[in-house]
Structures are given as structure tokens and as C-alpha cells.
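K.L.:
Quick one: structure below, then a few questions.
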Amino acid sequence: MLDKNFDPKTAEPRLYAQWEESGAFAPTQDPAAEPFSIVIPPPNVTGSLHIGHALNNTLQDVLIRFERMRGKAALWLPGTDHAGIATQMVVERQLAAAGNMSRRDMGREAFVAKVWEWKAESGGTITNQLRRLGASCDWSRERFTLDEGLSAAVRKVFVTLYKQKLLYRDKRLVNWDPALQTAISDLEVEQKEVDGHFWHFAYPLEDGSGEIVVATTRPETMLGDTAVAVNPKDERYKHLIGKAVRLPIVNRPIPIIADDYADPEKGSGAVKITPAHDFNDFMVGKRNNLPMINIFDAFAKINENGPPEYQGLDRFAARKKVVEAFEELGLLREIEKTRHAVPHGDRSGVVVEPYLTDQWYVDAKTLAQPAIKAVEEGRTVLEPKTWEKTYFEWMRNIEPWCISRQLWWGHRIPAWYGPDGRIFVEETEAQAKSAAREHYGRDEDLKQDEDVLDTWFSSGLWPFSTLGWPEKTADLARFYPTHTLVTGFDIIFYWVARMMMMGLHFTGEVPFKRVFFNALVRDAAGKKMSKSKGNVMDPLELVDEYGADALRFTLTAMSGQGRDIKLSTQRIEGYRNFGTKLWNAARFCQMNGCARAEGFDPSKVKGVLNRWIIGETQRASVAVTEAIAGCGFDGAATVLYRFIWNTFCDWYVELSKPLLTGPDEAAKAETQAVAAWVLDQILKLLHPIMPYLTEELWAQTADLGATRPEGLLVAARWPELSSDLVDVKAQAEIDLIVAAVTEGRSVKAELNVPHSARPALLVIDATAEQSTVLEANAAVIAQTLRVSEVRFEANAPLGAIPFVVQGATLALPVAEFIDLAAEKTRLVKEIAGHVSDIAHVMKKLGNPDFLARAKEEVIEENRERLAEAEAAKAKLESALNRLEAVA
RNA sequence: GGGCGGCUAGCUCAGUUGGUCAGAGCACCUGGUUUACACCCAGGGGGUCGGGGGUUCGAGCCCCUCGCCGCCCA
């Protein structure tokens, strides 16, 4: 006998172990099976499972379990990302906390060894957490972006792109993070609105004939100014072009140049130009061949290019000092308050500086073209479609991608420098050496580039590097292109776009046929979850409290497209209850001898109720199948919830009770077999979303009746039921019974008929078919509606309460329990409902335009509706009249 | 400044191609010893679908406009 409740705590680890041991997570070897593959968005190896992971991985698991059950060779390839900056920071913090040497003190090799050590110890956290969620990844294929194989792929890609001139070294302005001491890409920069000032500085003209006023939010950069620009069309300054100003403090003459960048409308119309420390100024500098003076060191302190009294000052201290100096010199013209966007490093949180350095870049513009085309042509589909616009917008305006990072943890750039600075880009040091030998005619000492690659460079290769590329592996042939990528839209540029570019360039094929962007999870108030806000919901705590299935079902049900998920524990609790409901329905079946019949054929079933539930099962299975196949996860959850709770539990189980306890042995046996069959279908259909509970029920019902062809549910076959199983007549019959019982209950409740009362249900007026159905199902109706019998009478006796169901008049003789006023109120209310319905429909039917232009079936529908409402109204009115006659 | 998404019952959300589409869950109220389930059962109240305009015989659903809220890119 089943326990009263499912116990996730004990069952989950046991079941997961069974799945893994059974090898169910590996794709079938059957060569006839169609491949279906998903690569996981690799979580940071430093990470621990947050609610966003839980959602993302639940949806992937739903998909993969579904396709696996459909007989495909389903591969969900897991792995983790080395996450350059994040991981380096974690380990550095740990070293500091333990009072160890700093990274720089211990040196590169020792530090990297420490990180690997850390990875070995703690790197498995998140994958273990994925297991708790129930993720059916093929762990035998687990990858790490710094694996030897993936590293080889990275080197191959780097070298190939370099030789194709799609990757190059360049001296440009980068976003420099002075805290992390590395360049970061545009995407890693977060613009934050902050309060600041516009300082208006006067620069005296070199010839002493006056001054020119410029404004800046970053005064310290004036130390590196190399020009003042005015607009060539600006009449105010035309005569000054070609002259010079003397840069205060620095005491350096700099030219006044003409450049369109200067906007006459803004400020004074003149702008200071600091080519080495501002992206716009950099371009002005390039156009006008201005010197580029770098005034910062890597810590954003003033370097030797600044005036001696400024050297070594932090940028913000320098700012203060510059402003003070201008004030002293009498050249500070105005201080204006302003709110402006300031770039911050998304990891460090500090203000980043545009900084002139040598870095490696990828020619993203060129690589983007095929990636744009692939989406335009639908070879890769983005779901929801609306993301395609965002994708195109970004891809069509893409900038060179800075891929070098001044870190130690990551893929070291495979470039070696000769003594004269010549670059040798090769996959290995040996190859670089031989290239150098060829070039110099002798062996020379080479120095490898100190930098590592942006983490996203290796994740961009993920869909094919994980399958063995550049080797021509069997996995690559079978599972690439992957089928669906499920990911968050927050990394559409970081990751999805890069995979598209790299995948197409190196394999000639799209990396995935479909991308499904899942929603963002927020707290119950709609706020983004963050540790600082203290509103994070830990998925593992939720799993502990409600079970993995409840969390999974909640996330699935709320995963509607284009919307954020506001998660509340109430909702999870509700779905935990849903699991319990199903559990108890199975328990009921078990208690009532429901067991699989040998050779059971649902199409051969006789009983109306049984034929009906089989048809409903078929319809639900089609709806769930279509929903999951189309990434409509929330729809699948809704269908299952309704079918299992409302259709199966509320009606089928209730209506089956008289059959299961009644005298008709044949009907009883059939019902037992049907219930067992439906339950098996339910377990299969629900399994992708609630794998644990369904697997446990599957096991606990394994010995009830005929042996199933499948062992574990995880490996069972998905229901593919013929639409012939839907019996329209049975549907209509059960609909009548359901309507009669529902309406009857409503009447009893509204009139406060005591719960213990067992009046008869009178059939006053019904069609022959309706009468047959009501008579045949008298026992069922008696039990469900709690009436003593179903009796046919020509007229409703005095005091019987009539109600209309599908045009038939039924009545409950409950006069002794009720007060006439309550009944009168009820009748008046019912009649009013019909009256407004009639008015509504009449208005339509009275409109000649409607009759002339609406579809025939719509008109017919309205006519029927009118007739029904009028008939019901007439019956209730006559009841009301009789009531009034009595009273 | 440009773009995207949202605004439907007290709360969280469903509402395919415009025609029973005004729904569900939670919350609330009433009743319940119905031997599967109180993590339950039955019944009930509650919304002029953000405002305005338009297209249409007919509009949460299409178009325009305005207003909030959120996100992305400048």
C-alpha cells in the first residue's frame, strides 16, 4: 500500500542514483533513432545553483526527458565554464582570507596551480546541485572549458582566425578595469547614472588674446589633452582655428582644431580632446593626427607623463587637485551639477577608464555576416521571435571584440614574440619555435603573450568543442548541429551571438536549430533577486522544503514567454499539493484493485465513463506533446494540471466509485483496467516535469497487474494515442452527467439543503437520449450528487426545486428544508442571468449587418444559444410562478 | 534618444489565427466525518480586460495615441 504522501527527501537521491546507474541519461545507441541534442549553458565553475539556473535547467530537462521518451537519441551535454575573472577573484579572496600570499607575490604558475586545486575541491558544487534538481544530463560526457580537448579547440580557432586575418593585435582604447587590472569587453561594462559635475575650464590662448572655455566631467584627463576642437561651421571660433591654447598646469601649447565632433549647441561649443582617455576623443585624435598622451598607469594613477606633483596620485585625487589648481589660477569658470552615465566594470564595480593598450581583437563584423544570414533564413530560429530583432540590431552594428584579458586564469594566448617583437601565432610552442627558426634562420628565445582569452571566446565554441571538434568524432557527426539551446536573454550577445559566429565559421553549420530564451526569475514583488537585496530564493532550500518536482512544476508553469517570473512560495506549495493529489489518486486506484490488464486495448473498452476518460487522456496527451515540442512549457503544465486534477481526480475517480464497488463484475474489471492504464499514461505525460514523483509511483505500481514492457519510467515510451480513442457520444453523455451533478450541487448549496439530506433527483422533462443517460447512470449520480435515487416524473411536485441542464428540466424535492424566500431569490437570479444573455444575443441577431456578414456557423451558434436561454428562462419562470402561487 | 516587454478578479497569471473569452490558481466567504487525498471536497462573491480614439456586423485580441512599470542599447 502506498503511503499517504510522497516523501521527496528519501526518494529523490535514491531515484536519481537509479537513473544514473541504469545509463538512462546517455543517448540510445540505436542508429535508427533521430538525434536530439542540447548543450547546457555551462554555469560558472565557481557558481552555486540560483533560481535562474533552476528554471533554465528544468526546461532543458523537460525537453530532453520528453524527447528521450519519444525514442530519440537524446543527449544533454553538461559542463562548466572556467569563468576567468570570476574564478580568479574567488580564489584570490580565499587566499587573502587565509592570510596567504597575494597572487602577484606567489607568481603565475603557483597561482594557477592553486586555482586548479580549488577547482578540484569545489568545482563540482553546481553539477551536484543540478543532480538534485533532477537534471538528466549525460555526465559521462561532462566538459570543462579548460579541458585539454576544449583548450586545443581554442588554440586551433585562435590560430586559424589569425591566419585568416580575422583576429589581430591592435593598439586601441579599451575599457580598463583598474581594480582587476585588465581590459574588459564593451559588454562587461555597465553604464550607471550618477550625480556629477561639469567643470568649465578656461584655456588661455597662446597669443594672450583671450581664452576658450571647455567643460568636462573628468577634469584629471586635461593633463592628457592634446587639442581643443571646435566645429568648422561655428562662426564664433572660425578665427581661432589653427591657433593654440596654453594648457594650464601642464603648460603645454595645444592646437585649436576644427572637427565635426564639436557640437556648437553644447556648452561653449568647444571641447577638450584627450585622445588617450576618451573613445570619442580617440577618433578625433586619429582623424587629426594628434599625439596620444597616456597619463595613467594600470592602477589609474597619474604616471610619468603627468606633472611631477601629480605623479602617483589616484585619478580621483588628481581630479580634485586639478580643480583646485584651476580655481587658484582663476580659470575655473563654472561648476554645473549634472547626472550622467559613468561606465563601471560589471565584476569589480569600479569606474572603468578608457585606456590605450595593445590588445587582441576579433573581426566580429566579418564573422557576423553569416550569423545574421542564418537567422534571416530561419536555419536558426529564435523563440520568442521578438528576440530576433534584438539579435539583428546587435549583429549589424557589431564592434571589434576585444578578446585579451590581463588575467592568469584562462586560455593563454597562443602568440609568441621574438626578440624584435615579431609575433608568431601557432597552436604550440614547438610550432612557434619552428616558425621563428624559419624566419630568423636560427633559434631565438620566444616569449609567450602574458594574456589569456576572454572566457566567452571558449564558450563561443561550446556546441562543437564539447563534441570533440576539431577531431572528427562520432559525437560531432551525430549530435551537431545541436537541436535546441535554452538560455537566458541576458547572454544573447555574450554567448548566443558568439556561438553563431564561431559555429558557422568553423563548422559551416549553425550550432543549433532553435534557441529558446527563458524568462527571468524575480521575487514575489517583481524585484530582481540579488544578494544585496536579501531577496534571493535558494532553489535548494525550496527543493528541501517542497521537493524538486514542486519547484520544477512551478517554474515550468510560470515560464510563459516574454515575461518575468515572480516566484512565490505559495505557488510552489500549490504544486506540491498537486503532486500529493496525484499520489493519492494512485493510492485510491491501488486500494480499489486497479491493475494493468494483460493485452489491454483502450479501443476495445465498452463502458461510457471509461471510454470517456480514455478519450480525454488522448486529447491531453496530444496537447502536452504539442506544447512541449513547441517550447510551450507553461501550456503543458496547465494541461496536465487540469487533466489530472479536474478531469481525472474530480470526475473520473468520483464517477468510477460506484463501478468499483458495485455488483457488475465485468464493469468493475474494466474500470480497474482502464484506471490503471490512464494512470500509466499520466505518469508518462507528467514525468518530464515531475520526474521523481512519477518514477516513484511507477515503481510502486509496478507489481499491479500485467508487467510493463519498460523498466524505469525515465526510459519508457511516450504515449502516442490514436485520435480514434475519442468517443464523441461518451463525451456528450458524461458532459450531461457532470452538468446535472454540478447544477444540482449548486442548487443544494444555495438553498442550504443540509448535507445529510438525500432527496431524489427528479427528471421532469428530458429528451429520450438524455433520459436514457440519466437512467443508466442513476447510481453514479446518486453517489456524486448525494441523492437517494433518480426518478422520472411528468410534473414537478409542489415545492420541488427545478433547474435546467442542457435544456432538460430536473428537480430536487427539498421543500421541507428550504425557505421560499431563498428559492425565490435563486430563481430570480437565474432568470436575470438568462435575460441578460438573451438581450445580448438578440442584439446581435437583430443586427442586419451581422446576419449579412458574419459567418453562417457563428449565426447558427447564436441562434442555438438564444433558443436555449429562452427555454431555460421559460421553465424557471413557470417555476417562479408556481412558487408565488403557493406563497 | 532608439528598441523591446508588460499593464486582464485583492494577488500571481492563462487567454492559438478577432465571433460562449471574460478564465485558472492563490486569497476571501459559506458548508462538509463523502473509508484516495484537510497538501482535501462542495458551493459562492469579485473584473466597463491601463486611458482615449479608430478599423469591423463584431475587439483583451488588429491600428493610432497617451499614461504608467520593467528591461536592453546609446
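Following my numbering, the numbering of the first sequence begins with 1 at its first residue and continues without gaps. Glycine included, every Cβ here is placed at the ideal spot set by N, Cα and C.
So does the region 313-332 actually touch the region 378-390, counting three or more Cβ pairs closer than 8 Å?
P.N.:
Contact fails: fewer than three Cβ-Cβ distances are below 8 Å.
K.L.:
Apart from the five residues on each side of it in sequence, which residues of its chain come closer than 6 Å, Cβ to Cβ, to GLN18?
P.N.:
Excluding positions up to five away in sequence, the list is empty.
K.L.:
What's the call for SER140, buried or exposed, on a 16-neighbour Cβ count within 10 Å?
P.N.:
So SER140 ends up on the exposed side.
K.L.:
DSSP beta-bridge partners for ARG745?
P.N.:
Answer is none; ARG745 lacks a bridge partner.
K.L.:
Report yes or no: do three or more beta-carbon pairs, one from the region 151-162 and one from the region 261-279, lie closer than 8 Å?
P.N.:
No, because fewer than three Cβ pairs between the region 151-162 and the region 261-279 fall closer than 8 Å, the two stretches do not touch.
K.L.:
Check whether the Cβ atoms of ALA800 and ALA782 lie closer than 7 Å to each other.
P.N.:
Not in contact: ALA800 and ALA782 (Cβ atoms no closer than 7 Å).
K.L.:
Could you name each continuous beta strand (DSSP E) segment of 3 residues or more that falls completely within the region 340-397, going from the start of the chain to the end?
P.N.:
List check, beta strand (DSSP E) in window: 353-362 and 381-383.
K.L.:
Is it true that the CB of GLU573 sits closer than 7 Å to the CB of ALA11?
P.N.:
No, the Cβ-Cβ distance between ALA11 and GLU573 is not below 7 Å.
K.L.:
From this set, SER22, ASP297 and GLY807, which residue's C-alpha is nearest GLU864's C-alpha?
P.N.:
Of SER22, ASP297 and GLY807, the residue nearest in Cα terms is GLY807.
K.L.:
For GLY123, which residues from the same chain have a beta carbon less than 7 Å from its beta carbon, with the 5 sequence-adjacent residues on both sides left out?
P.N.:
VAL45 and THR80, listed in sequence order.
K.L.:
Tell me the DSSP secondary structure of GLY488 in three-state form.
P.N.:
Strand at GLY488.
K.L.:
Assuming GLU750 and ARG826 are in contact, meaning their beta carbons sit under 8 Å apart, how far apart are those beta carbons, in whole angstroms?
P.N.:
Confirmed, Cβ separation roughly 5 Å.
K.L.:
Residue range of the alpha helix (DSSP H) that LEU130 falls in?
P.N.:
Taken as a continuous stretch (DSSP letters only), the alpha helix (DSSP H) holding LEU130 covers 125-133.
K.L.:
Tell me, to the nearest whole angstrom, how far the beta carbon of VAL608 is from that of ALA620; I am working on the premise that it is less than 8 Å.
P.N.:
That pair is no contact at about 19 Å.
K.L.:
Considering Cα atoms alone, identify which of TYR203, ALA839, ASP420 and ILE831 is closest to ALA874.
P.N.:
Closest option to ALA874, Cα to Cα, is ILE831.
K.L.:
Inspect the CB distances between the region 106-123 and the region 61-77 and report whether three or more fall short of 8 Å.
P.N.:
They do not touch, by the three-pair rule.
K.L.:
Among ARG791, ARG642, GLU471 and PRO41, which has the Cα closest to the Cα of ALA623?
P.N.:
That would be ARG642, whose Cα lies nearest to the Cα of ALA623.
K.L.:
Name the two residues that bound the continuous beta strand (DSSP E) containing HIS200.
P.N.:
Taken as a continuous stretch (DSSP letters only), the beta strand (DSSP E) holding HIS200 covers 189-204.
K.L.:
Could you say which of ILE184, GLY711 and HIS82 lies nearest to GLU148 if we only look at CA atoms?
P.N.:
Cα-wise, what sits closest to GLU148 is HIS82.
K.L.:
Between which two residues does the beta strand (DSSP E) carrying LEU75 extend?
P.N.:
Taken as a continuous stretch (DSSP letters only), the beta strand (DSSP E) holding LEU75 covers 73-77.
K.L.:
Should PRO13 go down as buried or exposed, given a rule of 16 or more other Cβ atoms within 10 Å for buried?
P.N.:
PRO13 comes out exposed.
K.L.:
Three-state secondary structure (DSSP) at CYS402?
P.N.:
In this structure, CYS402 counts as strand in the three-state DSSP scheme.
K.L.:
VAL515 to PHE198, Cα distance in whole Å?
P.N.:
Whole-angstrom Cα-Cα distance: 45 Å.
K.L.:
Please give me, in chain order, every unbroken run of the beta strand (DSSP E) with length at least 3 that falls completely inside the region 684-742.
P.N.:
Runs found: none.
K.L.:
In the structure shown, what three-state DSSP assignment does PRO43 receive?
P.N.:
Of the three classes helix, strand and coil, the one that applies to PRO43 here is coil, per DSSP.
K.L.:
Closest by CA to ALA202, which one among GLU328, MET1, VAL753 and LEU883?
P.N.:
When only C-alpha atoms are compared, the closest one is GLU328.
K.L.:
Using the three-state DSSP reduction, which class does TYR417 fall into: helix, strand or coil?
P.N.:
Three-state result, TYR417: strand.
K.L.:
Any idea what DSSP makes of HIS483, helix, strand or coil?
P.N.:
Three-state result, HIS483: strand.
K.L.:
Can you list the beta strand (DSSP E) stretches of 3 or more residues lying completely in the region 774-822, in chain order?
P.N.:
Here the runs fully enclosed are 790-792, 800-805 and 808-813.
K.L.:
Using only the alpha-carbon positions, how far apart do LYS513 and TRP456 sit?
P.N.:
Their Cα atoms are separated by approximately 21 Å.
K.L.:
Would you identify the three-state DSSP class for ASN925, choosing helix, strand or coil?
P.N.:
In the structure displayed, the chain extends from 1 to 887; residue 925 sits before or after that span and is not available.
K.L.:
Mapping DSSP to helix, strand and coil, what is ILE241?
P.N.:
Here ILE241 sits in coil by DSSP.
K.L.:
Specify, as a first and last residue, the run of the beta strand (DSSP E) that PHE516 falls within.
P.N.:
First-last of the beta strand (DSSP E) with PHE516: 512-518.
K.L.:
Taking all protein chains shown into account, decide if ARG339 is buried (16 or more other Cβ within 10 angstroms of its Cβ) or exposed.
P.N.:
Exposed.
K.L.:
For ASN646, I'd like the list of residues in its chain whose CB is within less than 6 Å of its CB, leaving aside the five on either flank, ordered along the chain.
P.N.:
There are no such residues.
K.L.:
Give the C-beta separation of LEU331 and PRO248 to the nearest angstrom, bearing in mind that I take them to be a contact with Cβ-Cβ under 8 Å.
P.N.:
Correct: roughly 6 Å between the Cβ atoms.
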